[in-house]
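The numbers in the sequence shown follow this note's numbering, run straight up by one, and end at 284. C-beta: ideal position from N, C-alpha, C; glycine also. Below is one structure, written out as structure tokens; the observations come after it.
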Amino acid sequence: MVKNLIKLLETHSNKIGMNKRQLFLQFIEMQYQFTILGSYQAKLRNAEQAFNEYFTAYLETVKAHPFKDVLGELMTELDMLDTGSKSKLCQNLTPSDLSDAVSRLLNDTSKPTLADICCGTGVLILSNLKIRLESNSNDGIKIMLNDMDSLMCKICMIQIEWNNSIHIKGLFPFSYIIYNHNTITEYKHFANGITEQSKVVGCSDPRLITDDVIKRGLFEKYQNLVFSNCA
54 MVKNLIKLLE THSNKIGMNK RQLFLQFIEM QYQFTILGSY QAKLRNAEQA
104 FNEYFTAYLE TVKAHPFKDV LGELMTELDM LDTGSKSKLC QNLTPSDLSD
154 AVSRLLNDTS KPTLADICCG TGVLILSNLK IRLESNSNDG IKIMLNDMDS
204 LMCKICMIQI EWNNSIHIKG LFPFSYIIYN HNTITEYKHF ANGITEQSKV
254 VGCSDPRLIT DDVIKRGLFE KYQNLVFSNC A
């Protein structure tokens, strides 16, 4: 499923002078910013041509493999998961097929809310959205997600947004929010909604995102809109 993406990373990492893991991390940041803002920081444009090819290939992969954990599998193939016995993160991703089976077993599309407080790349949520779409349910759903790894949060957001754009396309309403906290020590920062200490990495309402780059980008877009309306 991800062989083409790996090949692109290998090809362009040699050209740019980065290893493929570093390039993958830069691509994720570019995808994250582009998905929300429609652009990304100038300092990331050293890989613009490579990113365009990679992003096109990513979208084609999502089209061909609906609701699959494409970026999670890519991370696994690149050996980027923090899985050591002394690891703080203990990252072991659920295979998409297993996630689909669990979602089918527990399927109840009438439930208005869904939560995953250690969401990783979002594979369980992707499976739930897949089952919901296949059931032709019109019931809306609110999704609350959290992970202590900000990279995982960004990947989860990217996968939700592009599967929504490509496959769901408004066939049923849903909203989501992705927090970035330690579930044990920072539970109070997200368990009952947004607080002053909440770190929000992804949201169906981008205005709630606390990432500095996103906040600045949204403010600049608002300024440009105001100036254009006044011109």
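Where the beta strand (DSSP E) through residue i begins and ends
i       : result
Ala-168 : 166-169
Gly-255 : 253-256
Inter-residue spacing [alpha-carbon to alpha-carbon] between residue i and residue j
i       : j       : result
Glu-187 : Gly-193 : 14 Å
Lys-139 : Met-133 : Any reading at Lys-139 must be qualified, since the residue scores a pLDDT of 49, below 50, and its modelled position is unreliable; the value itself is stated next. Answer to the nearest angstrom: the Cα atoms are 16 Å apart.
Val-254 : Leu-177 : 18 Å
Asn-189 : Tyr-111 : 26 Å
Gln-276 : Asp-150 : 45 Å
Phe-227 : Phe-108 : 25 Å
Val-115 : Lys-121 : 7 Å
Phe-77  : Leu-204 : 11 Å
Cys-283 : Ser-92  : 23 Å
Gly-125 : Leu-146 : 7 Å
Phe-87  : Arg-185 : 27 Å
Glu-312 : Lys-207 : With the chain running from 54 to 284 in the structure shown, residue 312 is simply not present.
Thr-263 : Glu-63  : 33 Å
Asn-191 : Lys-60  : 40 Å
Gln-212 : Ser-281 : 32 Å
Val-55  : Gln-94  : 26 Å
Asn-216 : Leu-58  : 17 Å
Lys-96  : Lys-164 : 43 Å
Asp-265 : Val-279 : 21 Å
Residues sharing a beta bridge with residue i, DSSP
i       : result
Leu-198 : Asp-169 and Ile-231
Three-state class that DSSP yields for residue i in the structure shown
i       : result
Gly-193 : coil
Val-55  : coil
Leu-271 : helix
Gly-91  : coil
Glu-82  : helix
Asn-72  : coil
Ser-138 : Any answer about Ser-138 is weak, because its pLDDT of 47 lies below 50 and its placement is not dependable; what the coordinates show is given next. Ser-138: coil per DSSP, three-state reduction.
Phe-104 : helix
His-118 : coil
Ile-211 : helix
Asp-265 : helix
Gln-250 : coil
Ser-281 : helix
Pro-226 : coil
Leu-146 : coil
Span of the alpha helix (DSSP H), counted from its first residue to its last, around residue i
i       : result
Glu-126 : 123-130
Ser-180 : 176-187
Ile-219 : That residue, Ile-219, is in no alpha helix (DSSP H); it is neither H nor E in DSSP.
Tyr-240 : Where Tyr-240 is concerned, there is no enclosing alpha helix (DSSP H), given that its DSSP letter is neither H nor E.
CB contact below 7 Å: residue i versus chain D
i       : result
Asn-199 : Chain labels in this structure do not include chain D; a single protein chain is all it has.
Indicate whether the contact test is met: 3 or more Cβ pairs, each with one atom in the segment 64-80 and one in the segment 100-110, closer than 8 Å.
Between the segment 64-80 and the segment 100-110 there are three or more C-beta pairs closer than 8 Å, enough to call the two in contact.
I want to know whether the segment 71-78 touches the segment 244-254 - three or more CB-CB distances under 8 Å.
Taking one beta carbon from each stretch, the segment 71-78 and the segment 244-254 have fewer than 3 pairs nearer than 8 Å; the two do not touch.
Evaluate the contact criterion for the segment 216-233 versus the segment 199-206: three or more CB pairs, one atom per stretch, below 8 Å.
Yes, they touch.
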